[in-house]
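As given, the protein sequences belong to chains X and Z, one line each in that order. The opening position of the first sequence corresponds to residue 24 in my numbering, with each subsequent residue numbered one higher. The opening position of the second sequence corresponds to residue 24 in my numbering, with each subsequent residue numbered one higher. Backbone N, C-alpha and C define an ideal beta-carbon position, used for all residues, glycine too. As the structure is a prediction and not an experimental result, all values here were calculated from the model. Here is the structure we will look at.
Protein chains: 2
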Amino acid sequence: MVKRKSHKGDYCPSARSLDVIGDWWSLLIVRDAFDGLTRFSEFQRSLGIARNILATRLRALTERGILETVPAAEGARQEYRLTERGRDLFPVMVALRQFGERHLFAPGEKHSQLVERATGQAVRLDIRTEDGRPIGPDEAVILKVPEAGQA
Amino acid sequence: MVKRKSHKGDYCPSARSLDVIGDWWSLLIVRDAFDGLTRFSEFQRSLGIARNILATRLRALTERGILETVPAAEGARQEYRLTERGRDLFPVMVALRQFGERHLFAPGEKHSQLVERATGQAVRLDIRTEDGRPIGPDEAVILKVPEAGQA
DNA sequence: GGGATGAGTTTCAATATGAAACCGATTGAT
DNA sequence: ATCAATCGGTTTCATATTGAAACTCATCCC
């Protein structure tokens with residue numbers, strides 16, 4: 024197999040992001056972190072992930088600056104918390120959620136919801152130009168880096 | 024290994040989304056599709072993915088309604104195109120791109136950009152409540168489905 | 001002290017990935 | 001019309017990665 028491909032050197036920012044969080048488990052761990060989980064066993068129980076894989080993923084996310092370990096809350100051991108950088112994945116989570124809500128549930132089927140804590144209002148995401156006009160995929164183009172082939 | 028875990032039955036829409044496009048390659052294929060690629064060999068060259076893997080992924084994305092094959096443009100064979108559903112992944116792509124731009128490039132390092140075709144303006148994404156107020160991760164909570172444990 | 005958790009690591013089997021070879025159908029050039 | 005090159009895969013085989021379960025050490029709880 025030689026080795027799983029990496030997109031680290033790609034000039035496309037999406038590709039690099041996927042390189043950091045684009046595996047089966049990482050974003051689910053991040054999701055749980057957004058949801059307030061911090062302990063190894065909490066993640067393990069919530070996700071049903073194998074322990075060795077969880078350990079690997081937590082280490083990778085930590086190395087990549089998405090999570091950080093803080094020595095301990097009170098008891099002992101340590102906690103995994105989202106860094107500033109990790110919190111910047113919020114839009115990614117919301118975008119995935121929105122897609123799932125729209126397309127991956129049967130009509131009437133229950134799903135969890137993301138709401139503003141204070142008011143209970145639904146959280147939405149949208150895409151606009153710099154000056155605030157909403158824009159869809161067809162009106163957008165990727166400008167490539169001149170030298171590089173990759174988008 | 025028993026089988027790779029699936030999140031299909033999860034009550035969290037993000038998890039289900041990841042089940043559909045959460046592997047190493049799928050979103051990159053989708054990215055290229057947004058960028059206008061349609062042919063097997065175009066994807067293969069652009070991504071440097073092994074052919075057998077590409078074939079598997081294209082089939083999976085098609086089965087899941089993200090891509091569709093249209094019989095032929097003019098010459099022969101067929102093309103892979105984003106479906107309506109596939110185009111709804113646009114926010115996910117933009118979110119990943121924005122994260123990558125912000126955190127995964129050295130200062131001054133070049134990267135591709137997503138702009139409005141007509142004006143060249145940068146495309147941005149933001150998250151708001153239903154009534155339009157911008158909101159960050161700390162002010163949002165996930166409301167779980169009562170019966171289910173998973174978020 | 002003794003047992004139950006917590007947080008991993010190790011071991012081992014099953015699965016998925018990647019490279020390269022192979023194949024039939026087109027397309028293109030002569 | 002013929003021969004080579006390209007397209008769109010599939011097959012095979014070696015290697016990587018994943019997952020389950022067992023096994024360690026600590027620390028908690030009583």
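_Pairwise C-alpha distance: Phe113 (chain Z) and Ile150 (chain Z)_ = Roughly 15 angstroms separates the two Cα atoms.
*Segment contact flag, the stretch 79 to 99 of chain Z with the stretch 92 to 111 of chain X, C-beta cutoff 8 angstroms, min 3 pairs*: Using a Cβ-Cβ distance cut-off of 8 angstroms, the stretch 79 to 99 of chain Z and the stretch 92 to 111 of chain X are not in contact, since fewer than three pairs of beta carbons, one from each stretch, lie closer than that value.
*Gly172 (chain Z) versus Ser69 (chain X): straight-line alpha-carbon distance, rounded*: At Gly172 (chain Z), the pLDDT of 44 sits below 50, so the modelled position is not reliable; the number obtained from the coordinates is stated separately. Straight-line measurement puts the Cα of Ser69 (chain X) at about 8 angstroms from the Cα of Gly172 (chain Z).
_Within chain X, partners of Pro36 (chain Z) - CB distance below 8 angstroms_ = From the beta-carbon of Pro36 (chain Z), the residues of chain X found nearer than 8 angstroms are Leu119, Arg120, Gln121, Phe122, Gly123, Glu124, Leu127, Phe128, His134 and Ser135.
*Using DSSP bridges, identify the partner residues of Arg8 (chain X).*
Lying before the first or after the last residue shown, residue 8 (chain X) is absent from chain X, which here runs from 24 to 174.
*Given a cut-off of 9 angstroms, decide if Leu41 (chain Z) and Leu90 (chain X) are closer than it, judged by their beta-carbon atoms.*
The beta carbons of Leu90 (chain X) and Leu41 (chain Z) sit no closer together than 9 angstroms.
*asked:* By the 7 angstroms beta-carbon criterion, what residues does the stretch 87 to 110 of chain X contribute toward chain Z?
replied: For the stretch 87 to 110 of chain X, residues whose beta-carbon sits nearer than 7 angstroms to a beta-carbon of chain Z comprise Arg108 and Arg110.
*List the residues of chain X that Thr152 (chain Z) touches, going by C-beta distances under 8 angstroms, in chain order.*
Per Cβ cutoff of 8 angstroms: Glu139, Thr142, Gln144, Ala145, Val146 and Arg147.
*asked:* Distance check for Gln144 (chain Z) and Trp47 (chain X), CA to CA, integer angstroms please.
replied: Straight-line Cα distance between these residues: approximately 34 angstroms.
*asked:* When you compare the CB positions of Pro36 (chain X) and Arg110 (chain Z), do they come within less than 9 angstroms of one another, or not?
replied: Contact flag unset, no.
*Return the bridge partner residues of Glu162 (chain Z) from the DSSP annotation.*
According to DSSP, which records beta bridges pairwise, Glu162 (chain Z) is partnered with nothing at all.
*Can you round the beta-carbon distance between Ile165 (chain Z) and Ser135 (chain X) to whole angstroms, since I take them to be within the 8 angstroms contact cut?*
The Cβ separation is near 5 angstroms, so the contact holds.
*Helix, strand or coil for Asp149 (chain X) per DSSP?*
Look at Asp149 (chain X) here: in three-state DSSP terms it is strand.
_So the candidates are X:Val168, X:Pro169 and X:Pro160; which of them puts its Cα closest to the Cα of Phe57 (chain Z)?_
Of the listed residues, the one whose Cα sits closest to Phe57 (chain Z) is X:Pro160.
*Residues in its own chain within less than 6 angstroms of Val115 (chain X) by CB, not counting five upstream and five downstream?*
Within the same chain, no Cβ atom closer than 6 angstroms to the Cβ of Val115 (chain X) is found once the five residues on either side in sequence are excluded.
_Please list, in chain order, the chain Z residues whose beta carbon lies closer than 9 angstroms to that of Gly159 (chain X)._
Going along chain Z in sequence order, the residues near Gly159 (chain X) (Cβ under 9 angstroms) are Arg110 and Phe113.
*Kindly indicate which three-state DSSP category Leu112 (chain X) falls into: helix, strand or coil?*
The answer is coil: DSSP assigns Leu112 (chain X) none of H, G, I, E or B.
*Residue burial classification, Asp154 (chain Z) (beta-carbon count within 10 angstroms, cutoff 16)*: Burial call: exposed.
*Three-state secondary structure (DSSP) of Gln144 (chain Z)*: Of the three classes helix, strand and coil, the one that applies to Gln144 (chain Z) here is coil, per DSSP.
*Mind checking whether Ala163 (chain X) and Val53 (chain Z) have CB atoms under 9 angstroms apart?*
For Ala163 (chain X) and Val53 (chain Z), no; Cβs fall outside 9 angstroms.
*Within the 9 angstroms Cβ cut-off, does Glu65 (chain Z) reach chain X?*
The beta-carbon of Glu65 (chain Z) is placed no less than 9 angstroms from the nearest beta-carbon of chain X.
_Within chain Z, the residues that Gly71 (chain X) reaches when beta carbons sit closer than 8 angstroms_ = Going along chain Z in sequence order, the residues near Gly71 (chain X) (Cβ under 8 angstroms) are Lys28.
*Residue environment, Ala38 (chain X), which counts as buried when at least 16 other CB atoms sit within 10 Å*: Counting the other CB atoms within 10 Å of its CB gives Ala38 (chain X) a total of 16 or more, which places it among the buried residues.
*Name the one or two DSSP bridge partners that Leu137 (chain X) has.*
The partner list for Leu137 (chain X) (beta bridge, DSSP) reads Z:Ile165.
*With a threshold of 16 other CB atoms inside 10 Å of the CB of Arg80 (chain X), please say whether the residue is buried or exposed.*
The residue in question, Arg80 (chain X), is buried, as its Cβ has 16 or more Cβ neighbours within 10 Å.
*Would you kindly report the start and end of the unbroken alpha helix (DSSP H) that includes Glu86 (chain Z)?*
Bounds of the alpha helix (DSSP H) holding Glu86 (chain Z) are Arg74 to Glu86.
*Rounded C-beta distance between Thr106 (chain X) and Gly123 (chain X)? I'm assuming under 8 angstroms.*
About 25 angstroms separates the beta carbons of Thr106 (chain X) and Gly123 (chain X), which is beyond the 8 angstroms limit, so they are not a contact pair.
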